[in-house]
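Residues 0 to 91 (numbering that gives the first Met the number 0) are what the sequence shown spells out, left to right.
All C-beta atoms, glycine included, are put in the ideal place defined by N, C-alpha and C.
Since the structure is predicted, the reported quantities are computational estimates derived from the model, not experimental observations.
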Amino acid sequence: MKIFQSPTFFRYVKKVDKKFKAEIDSQVRLIAENPDVGEQKKGDLQEVRVHKFKFSNSLYLIAYRHDDDEIQLVMLSTHENFYRDLKNYIKK
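If you want it as C-alpha coordinates, here you go:
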(Lines of atoms letter the chains of each structure in order from A and count residues from 1; the text may use other names and numbers.)
(Lines give C-alpha, C1' and ligand atoms only; values in the text may rest on other atoms or scores of the structure.)
Protein backbone atom coordinates (compact mmCIF):
# COMPACT_ATOMS: atom_id res chain seq x y z
CA MET A 1 0.00 0.00 0.00
CA LYS A 2 1.39 3.39 -1.00
CA ILE A 3 0.89 6.33 1.34
CA PHE A 4 1.11 9.93 0.13
CA GLN A 5 1.06 13.14 2.18
CA SER A 6 -0.53 16.37 1.04
CA PRO A 7 1.57 19.52 1.54
CA THR A 8 -0.82 20.60 4.31
CA PHE A 9 -0.38 17.31 6.18
CA PHE A 10 3.40 17.42 5.72
CA ARG A 11 3.71 21.00 7.05
CA TYR A 12 1.70 20.15 10.17
CA VAL A 13 3.71 17.01 10.96
CA LYS A 14 7.00 18.82 10.40
CA LYS A 15 6.26 21.21 13.27
CA VAL A 16 5.35 18.70 16.00
CA ASP A 17 7.61 17.07 18.61
CA LYS A 18 9.00 13.52 18.48
CA LYS A 19 6.43 11.94 20.81
CA PHE A 20 3.55 13.28 18.77
CA LYS A 21 5.24 12.22 15.51
CA ALA A 22 5.51 8.69 16.90
CA GLU A 23 1.79 8.71 17.70
CA ILE A 24 0.98 10.03 14.21
CA ASP A 25 3.08 7.22 12.68
CA SER A 26 1.19 4.71 14.80
CA GLN A 27 -2.17 6.09 13.65
CA VAL A 28 -1.07 6.12 9.99
CA ARG A 29 -0.02 2.47 10.30
CA LEU A 30 -3.46 1.71 11.74
CA ILE A 31 -5.08 3.41 8.74
CA ALA A 32 -2.80 1.52 6.32
CA GLU A 33 -3.74 -1.82 7.90
CA ASN A 34 -7.46 -1.08 7.77
CA PRO A 35 -8.37 1.87 5.50
CA ASP A 36 -12.02 1.64 6.56
CA VAL A 37 -11.16 2.55 10.17
CA GLY A 38 -12.09 6.20 9.59
CA GLU A 39 -15.63 7.48 9.30
CA GLN A 40 -16.85 8.11 5.74
CA LYS A 41 -18.04 11.70 5.47
CA LYS A 42 -21.13 12.87 3.59
CA GLY A 43 -22.06 15.81 1.41
CA ASP A 44 -19.18 18.04 0.28
CA LEU A 45 -16.67 15.72 1.96
CA GLN A 46 -18.00 12.39 0.67
CA GLU A 47 -14.65 11.41 -0.87
CA VAL A 48 -12.88 11.73 2.51
CA ARG A 49 -12.64 9.53 5.58
CA VAL A 50 -11.74 10.94 9.01
CA HIS A 51 -9.92 9.00 11.72
CA LYS A 52 -10.03 10.45 15.25
CA PHE A 53 -7.50 9.86 18.03
CA LYS A 54 -6.53 11.42 21.35
CA PHE A 55 -3.10 12.64 22.36
CA SER A 56 -2.28 14.68 25.48
CA ASN A 57 -5.95 15.22 26.34
CA SER A 58 -6.67 16.65 22.88
CA LEU A 59 -8.71 15.15 20.07
CA TYR A 60 -6.94 15.07 16.70
CA LEU A 61 -8.39 14.19 13.33
CA ILE A 62 -6.69 12.75 10.25
CA ALA A 63 -8.50 13.23 6.95
CA TYR A 64 -7.54 10.82 4.19
CA ARG A 65 -8.64 9.46 0.83
CA HIS A 66 -8.46 5.78 0.03
CA ASP A 67 -8.24 4.10 -3.37
CA ASP A 68 -7.44 0.47 -4.18
CA ASP A 69 -3.75 0.53 -3.25
CA GLU A 70 -3.16 4.17 -2.28
CA ILE A 71 -3.87 6.32 0.73
CA GLN A 72 -3.55 10.09 0.53
CA LEU A 73 -3.22 11.78 3.92
CA VAL A 74 -5.01 15.08 3.37
CA MET A 75 -5.05 16.93 6.69
CA LEU A 76 -4.19 16.56 10.37
CA SER A 77 -5.43 18.97 13.01
CA THR A 78 -7.44 19.45 16.17
CA HIS A 79 -11.22 19.54 15.83
CA GLU A 80 -11.45 23.33 15.94
CA ASN A 81 -12.26 24.57 12.41
CA PHE A 82 -11.09 21.22 10.98
CA TYR A 83 -14.04 20.61 8.69
CA ARG A 84 -14.15 24.23 7.47
CA ASP A 85 -10.44 24.10 6.57
CA LEU A 86 -10.85 20.65 5.00
CA LYS A 87 -13.67 21.89 2.75
CA ASN A 88 -11.54 24.85 1.67
CA TYR A 89 -8.58 22.56 0.91
CA ILE A 90 -10.66 20.14 -1.16
CA LYS A 91 -12.28 22.94 -3.20
CA LYS A 92 -8.84 24.12 -4.39
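Cβ-based neighbour list, residue i, same chain, cut-off 6 Å, excluding 5 preceding and 5 following
| i | result |
| --- | --- |
| A43 | Note that residue 43 is Asp in the sequence shown, not Ala. For D43, where only same-chain residues beyond five positions count, the Cβ hits under 6 Å are K86. |
Closest Cα partner of residue i within the set the options
| i | options | result |
| --- | --- | --- |
| S55 | F8, F9, F19, Q4 | F19 |
| V47 | E32, Y82, P6, T77 | Y82 |
| M0 | K41, A31, K53 | A31 |
| F8 | D68, L60, E79 | L60 |
Residue i versus residue j: straight-line alpha-carbon distance, rounded
| i | j | result |
| --- | --- | --- |
| G179 | Q26 | Nothing in the structure corresponds to residue 179, since the chain is present only between 0 and 91. |
| I70 | F3 | 6 Å |
| I89 | D16 | 27 Å |
| N33 | K13 | 25 Å |
| R10 | Q45 | 24 Å |
Close beta carbons around residue i, own chain, < 8 Å, minus the five adjacent residues each side
| i | result |
| --- | --- |
| S5 | Q71, L72, V73, M74, Y88 |
| E79 | none |
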